[in-house]
Amino acid sequence: MNNEKINFEYEASTMNDETDRNSDDLGSVVEEGEWNEENECTVIRTCPFCMKNFVMSMMAFHVRSCLQLWDSLHANNASNEKKRSLENNDSSSNTYLNRIHPFHPMQTTQVDHACKKQKNVHQTTPTSRKLSNDILFYVAQFLEPEFVIGVCMRVSKEWYDVMSRVPLSLSFDNRTIQRLKSIHSSSIIVTDLDLSYVPVDREHIQIIANQSVMKNLTKLNLCCTKINTLFLTTIISSDNLKNLRILNLSGNKLEGEAIEIIANNELVSNLQELLAGSNSIGSLGAQAISESNCMKHLTSLHLNNASIDEKGVEYLTDSEYMKNLTKLDLSENACKDEAVALISESPFMSNLQTLILKNNKITKEGAEMISESSFLTKLTELNLSSNWIGDEGLMALVSSDNMNNIRTLILTNTNISCKGIKALIDPETSMRNITALNLGTNNIGNDGVLSIAYSDVLQYLTKLELFGNNIENEGVKHLSKSKYMQRLRYLDLCNNNITAAGVVSLATSFSMKNLRYLNLDDNSIGCEGLISIASSHCLKNLVTLSLEGCMIGNDGVISLAKSSCMQNLKSLRLHNNNISTAAASALASSKYLTNLIELNVQCNNIGIKGIWEIATSPYLQNLQQLHLEGNNITEKKEVELFLREHLKKVNDVLL
């Protein structure tokens with residue numbers, strides 16, 4: 000197999016020449032209408048063999064041609080190598096025989112016969128054998144599901160059989176529906192189906208409920224699909240859902256009766272995760288879930304913004320069927336301390352590892368109840384954001400031995416000051432293993448950052464979010480100098496009072512060498528700040544850089560585009576930075592930004608020339624998300640078509 004790989008790389012140019020000679024034939028096939036779906040004529044994919052681009056409608060035929068050529072090339076190589084091998088063997092063998100029996104012709108004949116037999120052993124095999132089914136199956140699991148269905152399954156019968164075993168994750172649209180209708184094999188495995196934000200109709204429902212390709216579904220996403228109770232009943236009553244493990248019904252304005260239909264259906268008795276947030280299920284829905292034997296396998300339950308009151312929480316916490324829950328999300332339900340007491344005192348909540356109660360009406364008393372609970376000792380993640388717990392609530396949490404397993408602590412907008420931070424870093428604190436800390440939108444200031452930066456209690460932090468905390472350059476310098484911050488991979492300092500001087504301290508800090516994500520949005524770092532980032536060898540591992548509203552201008556972007564230190568970037572956000580076409584041209588011509596997947600240049604002064612250069616850039620061909628709203632762009636529909644035509648991988652264009 001290794002030899003084949005080497006030969007294939009060596010022969011790539013030969014194959015490209017051959018496919019050029021066949022291009023006219025391929026074009027004629029399309030004209031004759033062998034594949035005439037209009038929606039396939041604009042989708043471009045790259046052939047995995049010769050790396051040429053073709054529309055989807057002709058890709059399968061082209062791949063077959065490449066396979067035949069590959070067979071031929073390997074046959075020629077094998078034949079040439081065999082000839083060389085036989086010549087060497089004949090020479091050495093005849094020398095040996097002549098040395099022993101110089102006049103014995105019989106020996107030479109026998110050697111020739113043996114060589115002929117050996118030659119048959121080394122005859123070339125079809126490509127399907129060289130590219131084994133196991134390898135095909137393994138590789139196909141990393142391909143786009145649409146490519147598997149639209150191309151790979153058309154190459155040959157053998158490929159079709161292999162691809163029929165590949166678990167597929169599909170996002171529905173009209174093209175996917177047509178694809179599924181054209182496939183009649185019941186052996187295809189669709190395990191993950193995403194319909195989110197697509198208004199469902201009867202056709203969608205019938206495919207999910209009745210087509211045999213859906214019988215292996217384990218994950219179904221119906222978030223924000225405007226699904227009604229009738230459609231939901233049709234789906235839930237289908238045998239296709241008997242293997243379902245994850246069901247997302249968020250954002251559909253469903254009421255308690257709809258949840259009751261699900262909860263009492265034995266066909267979904269294997270459900271492990273239910274997301275029903277942003278619905279109006281109320282206490283009735285909570286009661287239906289808690290009283291159903293079919294829900295006993297649930298390990299994750301999301302009922303955020305679902306009109307759940309104390310009565311609904313009581314149903315859940317009193318149910319033996321909820322004893323396997325490891326994650327519970329009751330955010331945005333106006334729950335008070337009484338609801339927290341029900342959770343804290345329930346033996347059926349003893350397996351909880353993640354508890355999310357953000358944006359409720361919980362006070363310091365609620366935090367104290369959690370800290371004193373002998374049933375919540377397995378918690379590893381606690382989110383109490385946008386509640387009124389204050390410093391005293393935080394002090395209660397960090398001083399409790401019941402909370403010593405906490406790894407992620409999220410306390411955004413909870414009125415915490417330096418007093419609470421000092422309790423968090425106290426040597427006697429029980430929370431000594433925190434890896435992710437979010438204290439955004441509090442008022443900790445520079446002194447709070449000083450306490451965090453030089454505390455060995457927080458030395459295991461990999462994620463730190465301190466946005467909106469009135470932090471200045473002094474606070475940033477504390478983080479930069481700290482030996483305890485060396486594990487940080489994610490740092491969010493947006494919406495503070497940081498200038499270029501603070502950014503320079505970050506850019507020259509070896510403690511920041513492991514950062515992958517840096518957010519400095521809404522800080523006035525200017526051109527100088529971005530230049531220091533762009534030239535930083537300490538920040539060369541950055542994958543995401545967010546600089547929205549940072550007043551960086553064209554010169555800053557140009558310096559970034561020319562920097563080899565930024566070549567690992569996959570996401571670059573430059574929203575509202577007063578940049579123009581010159582900056583767009585620099586980005587488009589940068590050989591160091593070839594890994595970019597997301598580019599956000601909203602609300603700037605980029606004209607149509609800059610858009611054209613981005614679209615035709617040979618270096619930005621990996622872009623999948625491109626945000627251009629708020630620029631000098633007219634004729635938006637034509638521009639979007641132009642962008643999609645040239646940036647083949649883009650699936651999200653905002654104009």
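Numbering (numbering that gives the first Met the number 0), first residue to last: 0 to 654. Every residue gets a Cβ at the ideal spot worked out from N, C-alpha and C, and that includes glycine.
For residue i, the first and last residue of its enclosing beta strand (DSSP E)
{"i": "Thr543", "result": "Thr543 to Ser545"}
{"i": "Leu354", "result": "Thr353 to Ile355"}
{"i": "Tyr453", "result": "Here Tyr453 belongs to no beta strand (DSSP E), and DSSP marks it neither H nor E."}
{"i": "Lys404", "result": "Lys is not the amino acid found at residue 404; the sequence shown has Asn there. First-last for Asn404: undefined, no H or E at that position."}
{"i": "Ser570", "result": "Ser570 to Arg572"}
{"i": "Thr190", "result": "Ile188 to Asp193"}
{"i": "Tyr489", "result": "Tyr489 to Asp491"}
{"i": "Lys218", "result": "Lys218 to Asn220"}
{"i": "Gln624", "result": "Gln624 to His626"}
{"i": "Glu597", "result": "Glu597 to Asn599"}
{"i": "Leu438", "result": "Per DSSP, Leu438 belongs to no beta strand (DSSP E) and is neither H nor E."}
Buried versus exposed, by CB contacts within 10 Å (16 or more), residue i
{"i": "Asn239", "result": "buried"}
{"i": "Phe230", "result": "buried"}
{"i": "Glu319", "result": "exposed"}
{"i": "Phe141", "result": "exposed"}
{"i": "Asp133", "result": "exposed"}
{"i": "Ser373", "result": "exposed"}
{"i": "Thr615", "result": "exposed"}
{"i": "Gln117", "result": "Reliability fails at Gln117, whose pLDDT of 43 lies under 50, so the model's placement of it is uncertain and the value that follows must be treated cautiously. Counting Cβ neighbours within 10 Å, Gln117 comes out exposed, since fewer than 16 surround it."}
{"i": "Met105", "result": "Any reading at Met105 is ruled out, since the residue's pLDDT is 42, under 50, leaving its predicted position unreliable."}
{"i": "Ala452", "result": "buried"}
{"i": "Leu463", "result": "buried"}
{"i": "Tyr137", "result": "exposed"}
{"i": "Ser131", "result": "exposed"}
{"i": "Asn432", "result": "exposed"}
{"i": "Pro198", "result": "exposed"}
{"i": "Asp491", "result": "buried"}
{"i": "Thr331", "result": "Thr is not the amino acid found at residue 331; the sequence shown has Glu there. Per the 10 Å Cβ criterion, buried."}
{"i": "Ala587", "result": "buried"}
CA nearest to the CA of residue i, picked from the options
{"i": "Ala585", "options": "Ser558, Lys569 and Gln601", "result": "Ser558"}
{"i": "Glu256", "options": "Asp491, Thr232 and Leu274", "result": "Thr232"}
{"i": "Asp308", "options": "His296, Gln286 and Glu290", "result": "Gln286"}
{"i": "Val542", "options": "Ile605, Asn513, Gly555 and Asn382", "result": "Asn513"}
{"i": "Ala435", "options": "Ile424, Ser429 and Tyr459", "result": "Tyr459"}
{"i": "Asn414", "options": "Asp425, Ser385, Leu408 and Trp611", "result": "Ser385"}
{"i": "Ile226", "options": "Leu253, Ser563 and Thr379", "result": "Leu253"}
{"i": "Trp158", "options": "Pro144, Ser291, Ala139 and Glu143", "result": "Ala139"}
{"i": "Cys549", "options": "Leu619, Asn494 and Val456", "result": "Asn494"}
{"i": "Lys418", "options": "Asn540, Leu517, Ala395 and Leu194", "result": "Ala395"}
{"i": "Ser523", "options": "Asn575, Asn412 and Met484", "result": "Asn575"}
{"i": "Leu375", "options": "Met162, Asn401 and Glu597", "result": "Asn401"}
{"i": "His645", "options": "His626, Leu622, Ser570 and Asn630", "result": "Leu622"}
{"i": "Asn594", "options": "Ile613, Ala582, Trp611 and Lys569", "result": "Lys569"}
CB of residue i within 7 Å of CB of residue j, strictly
{"i": "Thr362", "j": "Ile342", "result": "no"}
{"i": "Ser479", "j": "Ser450", "result": "no"}
{"i": "Ile443", "j": "Asn468", "result": "yes"}
{"i": "Gly525", "j": "Ala499", "result": "yes"}
{"i": "Thr209", "j": "Asn242", "result": "It should be noted that the sequence gives Asn, not Thr, for residue 209. No, the Cβ-Cβ distance between Asn209 and Asn242 is not below 7 Å."}
{"i": "Asp328", "j": "Ile369", "result": "no"}
{"i": "Gly365", "j": "Val339", "result": "yes"}
{"i": "Leu438", "j": "Leu465", "result": "yes"}
{"i": "Cys537", "j": "Met511", "result": "yes"}
{"i": "Glu259", "j": "Cys293", "result": "no"}
{"i": "Gly685", "j": "Asn303", "result": "With the chain running from 0 to 654 in the structure shown, residue 685 is simply not present."}
{"i": "Gly606", "j": "Thr580", "result": "yes"}
{"i": "Ser563", "j": "Ala533", "result": "no"}
{"i": "Ser416", "j": "Asp390", "result": "yes"}
{"i": "Ala601", "j": "Glu628", "result": "In the sequence as displayed, the identity of residue 601 is Gln instead of Ala. The answer is yes: Cβ separation under 7 Å."}
{"i": "Arg572", "j": "Ser535", "result": "no"}
{"i": "Ile409", "j": "Asn441", "result": "no"}
{"i": "Pro144", "j": "Ser168", "result": "yes"}
{"i": "Gly281", "j": "Ser249", "result": "no"}
{"i": "Val556", "j": "Ser531", "result": "no"}
{"i": "Ile234", "j": "Ile206", "result": "no"}
Endpoints, alpha helix (DSSP H) assigned at residue i
{"i": "Asp160", "result": "Lys156 to Met162"}
{"i": "Ala305", "result": "That residue, Ala305, is in no alpha helix (DSSP H); it is neither H nor E in DSSP."}
{"i": "Asn414", "result": "From DSSP, Asn414 is part of no alpha helix (DSSP H); its letter is neither H nor E."}
Uninterrupted beta strand (DSSP E) stretches inside the segment 246-303 (no shorter than 3 residues) = 272-274 and 299-301
Enumerated in chain order, which unbroken segments of the beta strand (DSSP E) with a length of 3 residues or greater are wholly contained in the segment 317-393?
-> 326-328, 353-355 and 380-382
Scan the segment 512-581 and note each continuous alpha helix (DSSP H) run of 4 residues or more that stays entirely inside, going in chain order.
-> 525-533 and 552-560
Within the segment 460-500, note down every full alpha helix (DSSP H) run reaching 4 residues or more, in order along the chain.
-> 472-480
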